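Report on the following structure.
Here it is, written out as structure tokens:
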């Protein structure tokens, strides 16, 4: 509670917004191949996180950690809306199901995050637009990203390849239309081995 004072964008009562960097923008993708496509990398320390699909579509938002561990909607399994504990914070996932609703999916979290998170879209329908917003406090050692410098966390369209090797979800699971490769498993070593000790005469002559 701010006791009558206005809270600034950084969450500081009576502040002027100078204690943090606000990073926001809009990502649009018109036509992609069906599958997981990475849209954005959210850095460690992100706070007041808000991700909002502008219009409702048949697409789904998904989150993974830097190591590829699924946080939300991974491996072609769509989670129910609710709250998820991940990356040191609580993520709230909403998916309006009212027929008349035009609002799309959203993900919010107070932060700060203690892991880098990657935002994906499970692409199934053209023309998806996603708004994102988060802050990074200036009094920490986390490197900030500015919209005017084209944040490195935003992936250009050329880097979105759809069914990439890392788009298979959880370890051991594959895209339903992707043929998995057979892993090479070394066989057990025999309990014995041959050792040459001395030479002996051959028991037969070659060619007879």
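Residue numbers (the working numbering): 26 to 233. We put the beta carbon where it would ideally sit given N, CA and C, even for glycine. Every value quoted in this text rests on a predicted model; they were computed, and no experiment measured them.
Residue j beta carbon less than 8 Å from that of residue i
i: residue 117; j: residue 108; result: yes
i: residue 87; j: residue 145; result: yes
i: residue 41; j: residue 163; result: no
i: residue 76; j: residue 153; result: no
i: residue 130; j: residue 67; result: no
i: residue 12; j: residue 143; result: Since the displayed the chain opens at 26 and closes at 233, residue 12 lies outside it and no answer follows.
i: residue 85; j: residue 124; result: no
i: residue 69; j: residue 114; result: no
i: residue 149; j: residue 83; result: yes
Buried/exposed call for residue i, threshold 16 Cβ in 10 Å
i: residue 39; result: exposed
i: residue 80; result: exposed
i: residue 91; result: exposed
i: residue 60; result: buried
i: residue 110; result: exposed
i: residue 106; result: exposed
i: residue 94; result: exposed
i: residue 27; result: exposed
i: residue 136; result: buried
i: residue 78; result: buried
i: residue 102; result: exposed
i: residue 29; result: exposed
i: residue 98; result: buried
CB-CB length for residue i against residue j, believed under 8 Å
i: residue 52; j: residue 64; result: 5 Å
i: residue 159; j: residue 48; result: 6 Å
Beta bridge counterpart(s) of residue i as assigned by DSSP
i: residue 108; result: 117
i: residue 236; result: Because residue 236 is not part of the residues shown, which for the chain are 26 to 233, the question remains open.
i: residue 154; result: 53
i: residue 131; result: 77 and 119
i: residue 162; result: 45
i: residue 66; result: 143
i: residue 38; result: 32
i: residue 237; result: Beyond the ends of the chain as shown, which are 26 and 233, falls residue 237; an answer cannot be given.
Item to check | Every unbroken beta strand (DSSP E) within the stretch 73-104, with a cutoff of 3 residues, ordered by chain | outcome: Qualifying beta strand (DSSP E) stretches, in chain order: 85-90 and 95-97.
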